[in-house]
Amino acid sequence: MVPTTSSESDGLKHKKRVITPARKEQNRKSQQLYRERQKNRRRGRQPVLATKPLELRPGPAPHRAADHNGQLEGQSLPNQDIQGLGVDLCQLPDPWRNSIQFTTTTVLNAFLNIALSLGFNLSDLTGSNCLGSSIQSPFYRPTTPGDNPQALLAAARRPSFPANLQPTLSQILIPHHPFLDLIPFPALRDRAIILAAAVPHLFSMAELKNDVYVHGALVCWVGGPGAQPWDVHSWEAAPWFLRKWRLVVGSEDGELSRTSKWWQDARGA
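Mapping of the sequence shown onto the UniProt record's numbering: position 186 corresponds to residue 186, and the numbering continues sequentially without gaps.
Below you can see the structure in the form of C-alpha cells.
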C-alpha cells in the first residue's frame, strides 16, 4: 500500500461533485413539488382525491344495432368528466370487456333481466319447481267465445315492454309456462304454445325447456352497455337446436336463424 501525502488527501477532500444537467432538472422539479405541497399545507387544503368522492355521471346508453351484412353499429359514450377531476369516462375500465363471461351465466342473467322488466315473480322461475307444469304464465287469461281478440291484445299490452316481448294472442288464450314469455322471439313463442296445445303427444314442452335452460341451446351475447337482452340481435341458437326444433324456429329465413348465422359469420365459424 502506497501512502498518500497530505496534499493528496486535501485534494480528495475538497474534490467537487459534478452535477449534470439532468440532475439539475430533477432537483428543480423536486423543489417545485415540495413548494406546492408546502403552499397547500399552509392554506389548509388537502388533495381532491382525499376528500371528494368520485361521482360518475354516465351518459345515455348508446344505440346498438346489428345488421346481417357483417356490420355492427354503435355509438361510444360521450366525453364526460368525473366531477372535479377532469377524467374522461371513456378512459375508465369497461366492466363488460374486462371480465370473463360464461355463456350459462350470461343467459340466466339475460332471462332474469327480461323477467324483471316484465314484472314477473322470480320465485316462479328460480324456485325448486321452476320447470314444473303447474306454473302458468301471468299473460294467460281465461276467455269466452264472445271475447274480442283485438280487445284482449289491447288490454294485455304494456307500453313499457319492448315490442318483441309484448304478449301475443296465443300467450293470452292458451295456458303455458312463463319461461316461454322470456324468449324475445314472438314467432317462436307462438309456434311452441300452439304445438304444445294441439299435439302434446308429439311436442314436449319439458324437453324444450331443458334445451333452453339446461343444455345451452341459446346464447345471449350481451357484451356492452348498449346491448340489451331483449334485443333479438343479441341472441344466437346452437346449430343442433335449430335442426331439432325446426317446427318452432321456422325456416332459415326466420329471425332466430338469421341472427344465429350473423354471429357465426362474425366469429368466422
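Each residue gets a CB set at the ideal place from its N, CA and C atoms; glycine is no exception.
One or two residues paired with residue i in a DSSP bridge
i: Val219; result: Glu236
Buried versus exposed call for residue i [16 or more other C-beta atoms within 10 Å across all chains shown]
i: Ala110; result: buried
i: His215; result: exposed
i: Ile19; result: exposed
i: Pro229; result: buried
i: Leu165; result: buried
i: Pro178; result: buried
i: His233; result: buried
i: Gln264; result: exposed
i: Ala154; result: exposed
i: Pro239; result: exposed
i: Tyr34; result: exposed
i: Leu242; result: buried
i: Ser260; result: buried
i: Leu202; result: exposed
i: Lys209; result: buried
i: Leu247; result: exposed
Option in the options with minimal Cα separation from residue i
i: Ser204; options: Leu173, Lys244, Glu36; result: Lys244
i: Gly254; options: Thr168, Thr144, Pro149, Arg191; result: Arg191
i: Ala156; options: Pro145, Phe139, Thr143; result: Phe139
i: Leu188; options: Lys29, Trp263, Leu218; result: Leu218
i: Ala198; options: Pro184, Ser170, Phe185; result: Ser170
i: Pro175; options: Pro142, Ala206, Ser160, Pro162; result: Pro142
i: Asp211; options: Leu195, Ile172, Leu180; result: Leu180
i: Ser257; options: Trp235, Leu108, Gly268; result: Trp235
i: Leu182; options: Gln26, Lys29, Gly119, Pro200; result: Gly119
i: Pro167; options: Pro186, Ile114, Pro145, Arg28; result: Pro186
i: Ile172; options: Arg41, Asn40, Thr144; result: Thr144
i: Thr112; options: Pro149, Asp147, Pro184, Arg28; result: Per the sequence shown, the amino acid found at residue 112 is Leu instead of Thr. Nearest of Pro149, Asp147, Pro184, Arg28 to Leu112, Cα basis: Pro184.
i: Gly250; options: Leu195, Leu116, Leu122; result: Leu195
i: Gln136; options: Asn148, Ser123, Asp147, Gly146; result: Ser123
Secondary structure of residue i, DSSP reduced to three states
i: Pro159; result: coil
i: Lys261; result: helix
i: Val212; result: helix
i: Phe241; result: helix
i: Asp124; result: helix
i: Pro178; result: helix
i: Ser30; result: helix
i: Phe203; result: coil
i: Asn148; result: coil
i: Thr168; result: coil
i: residue 279; result: Since the first and last residues shown for the chain are 1 and 269, residue 279 lies out of range.
i: Arg37; result: helix
i: Ser137; result: coil
i: Thr143; result: coil
i: Thr106; result: helix
i: Pro184; result: coil
i: Pro229; result: coil
i: Glu25; result: helix
i: Glu252; result: coil
i: Ile114; result: helix
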